[in-house]
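First up is the structure itself, then whatever we jot down about it.
Number of protein chains: 2
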Amino acid sequence: MRVSLKDVAEHAGVSVKTVSNVVNKYPHVTPAMREKVQRAIDDLGYRPNLTARHLRKGRTGIIALAVPELGNPYFAELAGDVIDAAAAHDYTVLLDHTQGRRERELLVTQGFQARVIDGLILNPLELEAEDLAAGTGSGPLVLIGERSYDLPYDHIAIDNIAAARTAVRHLLELGRRRIAFLGARGDRPSQPSHLRLLGWQAELAARGVTADEALVAPVEGWDRADGAAAMAALLDAGQRPDAVFAYNDLIAIGAMRVMSERGLRVPEDVAVVGFDDLTEGRYGAVTLTTVAPDKKAIARLAVESIVGRLAGKNDEASRGGDGSGDGDGIGRREGGHSRELRPGFALMERESTLGRAARG
Amino acid sequence: MRVSLKDVAEHAGVSVKTVSNVVNKYPHVTPAMREKVQRAIDDLGYRPNLTARHLRKGRTGIIALAVPELGNPYFAELAGDVIDAAAAHDYTVLLDHTQGRRERELLVTQGFQARVIDGLILNPLELEAEDLAAGTGSGPLVLIGERSYDLPYDHIAIDNIAAARTAVRHLLELGRRRIAFLGARGDRPSQPSHLRLLGWQAELAARGVTADEALVAPVEGWDRADGAAAMAALLDAGQRPDAVFAYNDLIAIGAMRVMSERGLRVPEDVAVVGFDDLTEGRYGAVTLTTVAPDKKAIARLAVESIVGRLAGKNDEASRGGDGSGDGDGIGRREGGHSRELRPGFALMERESTLGRAARG
DNA sequence: ATGAAAGCGCTAACAC
DNA sequence: GTGTTAGCGCTTTCAT
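Quick mapping for you: the protein sequence lines, in order, are chains A and B.
Numbered by UniProt numbering, the letters in the first sequence go through residues 1 to 360 in order.
Numbered by UniProt numbering, the letters in the second sequence go through residues 1 to 360 in order.
Below, the structure written as C-alpha cells:
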C-alpha cells in the first residue's frame, strides 16, 4: 500500500541514497539519473513519509498556536494571519483554544514539549508568571497579547497604554468629559485589561480630567454579552457617561446594543471607541471607531520569532562553542535574548452617523 | 539534551521495554518496578517523543481541517467546535484555510497525503467533483458544507433546500411577497448558494408566488461587503423588495447596512432572514432572524467519520504482510461505504424591533 | 556521483 | 514479568 523510499530505489535499480538525493533536490545528481528516479517515483506514486523525516531531523515543521477563543473574531482573524505567516516559512499550524482558562493555558505550555510541534505561540489570559517560570519544555515559546511577564520569552504586543491613551484622547478632543471604561476585571491587576485601564487613567490625568472610578465598569468576560451587561449595570447605577472606551470591539458592540435599547444615540449622546478593528464593527448601524492593532505584523513577528530561534538553535549546535555560555540552554533563550516586540496600531476614526443623512 | 527511553532504562537499571510498559500503562508490571521506573522518569524529566511513536504506529493523532476563511465567523466557530470534538477523541487539529480558491483547495486534498495527518475535513467552495475523483491519498477525507459531490467520501451538511424553504416560508407567513434572494453566483450551478436558491424558488412556487428573477442578486463573495454591494445593486436597479433572504448572515448584515443608509427600516419596510446564526447577528440594531445549522453536530459528525474510518482501517489492516511475497492489493474502501450525514437546523426567529419600545 | 549502513526514539513480537 | 531485538521510513556520514 504505502510506498517507501526503498521501494522506489528497487524499482529504479538504485540505492535509497540516490532517491533521497532526488527527492531532496540535492544538486549533484546527473540529469539522467534524476530522470530515471523521477520516473520510478511517478510510477509508484511515491510520497515521502513526513513523520519519518521529522524523526530523523528532529523537526516537524509544525508550530502550535493557542488563543483564548476562536469565536472572538479578533483571534480568528489573527489565527488566519498566523497561518499565512507560517506558510511563508513552510510551517503549518496546529490550533488550540484555551477558552481563557488558566488550566487549559497551563496544559498547553506543559503539554507542548511532548507534542509534535517545533514551537508554540501562546496568547495567555489568565496565566501567571510563575506558571511559566517553571519552564515549558524544549521548543521556543513566544507570548502574544498585552500581558507582560518578566520572563525570558519573546513577547509581542502593541503598546497598549499608548493605544488606550490615543483612544481616550480622541474622545476628549470630541469634547467628552465623562468617559466610561468598559472592561475592567477586578480580581487581578495583571489581567489583560489592566494596561488599557491604565491608559485611560493616564490620559485623563494628563488632560486634567477627573478619572471617575464610578465610570469604570467591570466585566465577566470579553464578549458582546459582557459588554451589554456592563453597560446596563453602569446605566442602572445611574451613571450617564457621554463617552465609552471599551476594552474591545465586542464589548463596545454589546454596549451599543444596550444603548440602542434604552434610546441613547451613538454618537450624539454617547461616543464610543472600541479596540481590535473587527470587520463587524464597520457594519453596525453606526460604524465603530476603534483602535486597530496591526494583526498581520503581530502574526509575522510571532512566527519569525519561532523560526529564528529554531534556526539559532541549529547554528549553535553546529558551531559547538561560542554561544553566550548558557549551559543547558533548553527552552529559554536558545537563539539570543528574549525580546519585547511592538507592532504598530492605528486609531480608525469613522464614527459616521449613517442613515440620518439619507433619511433627511 | 533530549532524554530518551533508553536513558531512562539505564538510569533505572531496567530494559527499555519495561520503561515503555510503564509509560504506556501496560497492566502487567509489578508495582515496585513501576515505581522505580516512574522515579527515573521524574528524575530525568523524560517526555516521550511523539514523532517516534507516530512513525512506529503509523498514526499521528492529528487531523487537518481546511475551511475557506477564518475571518468568516461561521468557519471560525465551526473550527472551534471541530477542535473540541477532536479533543474528545484525543486528536489535535491542524488548521488551514483555502480562501475559497480552487487551487488552494486542490493543494490541500493532494498535499495532505504527504502530511503528518491521519485524515482531512474539508469544506470546499470551488472544488469540482473531478478534482476529487482523481483520488486524494491515503487517509480518510470527509466533506462538509452544502455542495454535493457524487463521490465515495462521507459528506456532512444540513438539508439546505429544506432550510432555505423554511426561511422563505417564514417571510411569506409574514405577508411578504417580493422576497429577494441575495447571494447567487452566476457562473456555475454547483456553487454553494445553488441549493439555497433552489429552496427559494421551490417555496415560492409551492405557495403560488411568482419567483421574480429580478430579485435574485448575484454576489462576488460571501462577506458583508458583498451583501452591501448586492443590496445596493438591487435598489439601484429600481427593485423594491419587501423581504430579503440572504445566503448567509454576513450578506444579510451588509444588506441591512445599506438599507439603513438609504432610510429603509428593518423589518417594517424590508424583513430579513440570514443563514448561519452568527452571534454577530444578535447584536445589531435589529436582531437578525436566521437559519441556524447545528454546528456542533456538524463538527462532531465530521470528526467521528474520520475516527471511525481510521478504526475500521485498523481492523482490516491488522494483517500487515511484511517481507517476502507479493503484496496483495489492499482495496480502497477503508471502513465502510460513504455516507450522507444530515445534521439538523433551526429557524431562529427573533426579528425584534429594539429601541422603539424603550423609546416609546 | 552514488552506495552501504548506522541510527533518530519508539513499539511489539518473541524469548526467557 | 521482564529483556532482546527488529524494524517504522527517512537522512546522512563515510566510503567508493
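Every residue, glycine too, gets a C-beta built ideally from N, C-alpha and C.
From a predicted model like this one, the values you see are computed outputs, not experimental measurements.
One or two residues paired with B:Val273 in a DSSP bridge: On the second sequence, residue 273 of chain B is found 273 positions in, with the first residue counted as 1. B:Phe245 and B:Thr289.
Taking only the alpha-carbon atoms, compute the straight-line gap between A:Ala66 and A:Tyr153 and give it to the nearest angstrom. For the purposes of this step, residue 66 of chain A is taken as residue 66 along the first sequence, with counting starting at 1. For the purposes of this step, residue 153 of chain A is taken as residue 153 along the first sequence, with counting starting at 1. Separation of A:Ala66 and A:Tyr153 (C-alpha to C-alpha, rounded to the nearest whole angstrom) is 16 Å.
State the beta-bridge partners of A:Glu340 as determined by DSSP. As a first step, residue 340 of chain A must be located in the first sequence, where it is residue number 340. Looking at the DSSP assignment, A:Glu340 forms a beta bridge with A:His155.
Taking the alpha helix (DSSP H) that A:Asp81 falls in, what are its first and last residues? The count along the first sequence starts at 1 and reaches residue 81 of chain A at position 81. Note, A:Asp81: alpha helix (DSSP H), Pro73 to Ala87.
Would a check of beta-carbon distances place A:Asn123 closer than 9 Å to chain B? Position 123 of the first sequence, counted from the first residue, corresponds to residue 123 of chain A. Answer no: the Cβ-Cβ gap between A:Asn123 and chain B never drops below 9 Å.
Could you tell me how far apart the beta carbons of A:Gly199 and A:Arg165 are, in whole angstroms, since I believe they sit closer than 8 Å? For the purposes of this step, residue 199 of chain A is identified with residue 199 of the first sequence, where counting begins at 1. For the purposes of this step, residue 165 of chain A is identified with residue 165 of the first sequence, where counting begins at 1. Distance from A:Gly199 to A:Arg165 at the Cβ level is roughly 5 Å; contact confirmed, criterion being Cβ atoms closer than 8 Å.
Within its chain, find whatever has a CB closer than 6 Å to the CB of B:Ser305; leave out the 5 residues flanking it on each side and keep chain order. Position 305 of the second sequence holds residue 305 of chain B. Only Val142 and Asp154 meet the Cβ criterion.
DSSP three-state call for B:Asp42: helix, strand or coil? Within the second sequence, numbered from 1, the residue matching residue 42 of chain B stands at position 42. Reduced to three states, the DSSP call for B:Asp42 is helix.
What does A:Ile253 reach in chain B if we use C-beta pairs closer than 7 Å? Against the first sequence, residue 253 of chain A aligns to sequence position 253. The contact set of A:Ile253 on chain B, defined by CB atoms closer than 7 Å, consists of Tyr283 in chain order.
Quick check on DSSP: helix, strand or coil for B:Leu264? Taking the second sequence and counting its residues from 1, one reaches residue 264 of chain B at position 264. Correct three-state label for B:Leu264: coil.
Closest by CA to A:Ile41, which one among A:Leu50, A:Gly61, A:Glu173 and A:Val3? On the first sequence, residue 41 of chain A is found 41 positions in, with the first residue counted as 1. The residue with the shortest Cα to Cα distance from A:Ile41 is A:Val3.
Sort A:Met33, A:Asn24 and A:Leu44 by Cα distance to A:His11 and report the nearest one. Here the question's residue 11 of chain A lines up with position 11 in the first sequence. Distances from the alpha-carbon of A:His11 to those of A:Met33, A:Asn24 and A:Leu44 put A:Leu44 closest.
What in chain B is Cβ-close to A:Gly80, meaning under 8 Å? Translated into the one-based positions of the first sequence, residue 80 of chain A becomes position 80. Result: Glu69, Leu70, Gly71 and His97.
Consider the Cβ of B:Val8: report whether some Cβ of chain A lies at a distance smaller than 9 Å. Locating residue 8 of chain B in the second sequence gives position 8, where the first residue counts as 1. Not one chain A Cβ lies under 9 Å of B:Val8.
Just verifying my parser: in three-state terms, what is the DSSP assignment at A:Thr92? If you number the first sequence from 1, residue 92 of chain A lands on position 92. A:Thr92 carries a strand assignment under DSSP once its states are collapsed to helix, strand and coil.
Give the C-beta separation of A:Ala302 and A:Ile144 to the nearest angstrom, bearing in mind that I take them to be a contact with Cβ-Cβ under 8 Å. Numbered from its first residue, the first sequence carries residue 302 of chain A at position 302. Numbered from its first residue, the first sequence carries residue 144 of chain A at position 144. Right, the Cβ-Cβ distance comes to about 5 Å (below 8 Å), so this counts as a contact.
Given a limit of 7 Å on CB to CB distance, which residues of the stretch 33-54 of chain A reach chain B? From the stretch 33-54 of chain A, only Arg47, Pro48, Leu50, Thr51, Ala52 and His54 have a Cβ closer than 7 Å to chain B.
C-beta neighbour in chain B for A:Arg102, strict 9 Å: Walking along the first sequence from the start, residue 102 of chain A turns up at place 102. No, A:Arg102 does not count as interfacial toward chain B.
For A:Glu280, which residues in chain B fall below 7 Å Cβ to Cβ? Translated into the one-based positions of the first sequence, residue 280 of chain A becomes position 280. Proximity of chain B to A:Glu280 at the Cβ level (cut-off 7 Å) is accounted for by Glu280, in chain order.
Straight-line gap, A:Phe181 to A:Leu106 (C-alpha atoms, nearest Å): To locate residue 181 of chain A, count along the first sequence from 1; it is residue 181. To locate residue 106 of chain A, count along the first sequence from 1; it is residue 106. Those two C-alpha atoms are separated by around 30 Å.
When the Cα atoms are used, what is the spatial distance from A:Asp276 to B:Ala246? By 1-based counting over the first sequence, the position of residue 276 of chain A is 276. By 1-based counting over the second sequence, the position of residue 246 of chain B is 246. A:Asp276 and B:Ala246: Cα-Cα distance of roughly 27 Å.
Using the C-alpha atoms, what's the distance from B:Asp90 back to A:Asp159? Your numbering for residue 159 of chain A matches position 159 in the first sequence. Your numbering for residue 90 of chain B matches position 90 in the second sequence. C-alpha separation (whole angstroms): 38 Å.
What's the call for A:Glu126, buried or exposed, on a 16-neighbour Cβ count within 10 Å? Here residue 126 of chain A refers to the residue found at position 126 when the first sequence is read from its first residue. Classification for A:Glu126: buried.
Per-residue DSSP class, three states only, for B:Gly284: The residue you call residue 284 of chain B lines up with position 284 of the second sequence. B:Gly284: coil per DSSP, three-state reduction.
Got a sec: which bits of the stretch 216-227 of chain B sit with their beta carbon under 7 Å from any beta carbon on chain A, in order along the chain? Taking 7 Å as the upper bound on Cβ-Cβ separation, chain A lies near residues Arg224 of the stretch 216-227 of chain B.
Enumerate in chain order the residues of its own chain whose CB-to-CB distance from B:Ala85 is below 7 Å, with the five nearest sequence positions on each side excluded. Here residue 85 of chain B is taken as the residue at index 85 of the second sequence, counted from 1. Non-local beta-carbon contacts of B:Ala85 in its own chain, meaning distances under 7 Å to residues more than five positions away in sequence, involve Ala299, Arg300 and Val303 in chain order.
Using 8 Å for Cβ pairs, my map puts A:Val16 next to A:Pro48. What's the rounded Cβ distance? What you label residue 16 of chain A is simply residue 16 of the first sequence in a count that begins at 1. What you label residue 48 of chain A is simply residue 48 of the first sequence in a count that begins at 1. In this structure A:Val16 is not in contact with A:Pro48, their Cβ atoms being roughly 12 Å apart against a cut-off of 8 Å.
Using 8 Å as the Cβ pair cut-off and three pairs as the minimum, do the stretch 226-245 of chain B and the stretch 256-271 of chain B touch? Counting Cβ pairs under 8 Å, three or more are found: they touch.
State yes or no: is the C-beta of A:Pro124 within less than 9 Å of the C-beta of A:His97? As a first step, residue 124 of chain A must be located in the first sequence, where it is residue number 124. As a first step, residue 97 of chain A must be located in the first sequence, where it is residue number 97. Contact flag unset, no.
Let me confirm a value: A:Arg240 is counted as buried when at least 16 other C-beta atoms fall within 10 Å, else exposed. Which label applies? Reading the first sequence from its first residue, position 240 is the one you call residue 240 of chain A. With fewer than 16 other Cβ atoms inside 10 Å of its own Cβ, A:Arg240 counts as exposed.
Between A:Ala233 and chain B, is any beta-carbon pair separated by less than 9 Å? Numbered from 1 along the first sequence, position 233 holds the residue referred to as residue 233 of chain A. Taking Cβ atoms only, chain B never reaches closer than 9 Å to A:Ala233, which makes this a no.
Which of the three DSSP states is assigned to B:Leu182 in this structure? Walking along the second sequence from the start, residue 182 of chain B turns up at place 182. Three-state result, B:Leu182: strand.
Please confirm if B:Thr92 has its CB atom under 9 Å from at least one CB of chain A. Position 92 of the second sequence, counting from 1, holds the residue named residue 92 of chain B. Yes, its Cβ sits closer than 9 Å to a Cβ of chain A.
Give the range of the beta strand (DSSP E) segment to which residue 365 of chain A is assigned. This structure gives no information on residue 365 of chain A, because the portion of chain A shown stretches from 1 to 360.
C-alpha gap between A:Gly71 and A:Arg309, whole angstroms: Stepping through the first sequence from its first residue, residue 71 of chain A is reached at position 71. Stepping through the first sequence from its first residue, residue 309 of chain A is reached at position 309. Counting only the Cα atoms, A:Arg309 lies some 31 Å from A:Gly71.
Following the continuous alpha helix (DSSP H) through A:Val8, name the residue where it begins and the one where it ends. Position 8 of the first sequence, counted from the first residue, corresponds to residue 8 of chain A. Where A:Val8 is concerned, the enclosing alpha helix (DSSP H) stretches over Leu5 to Ala12.
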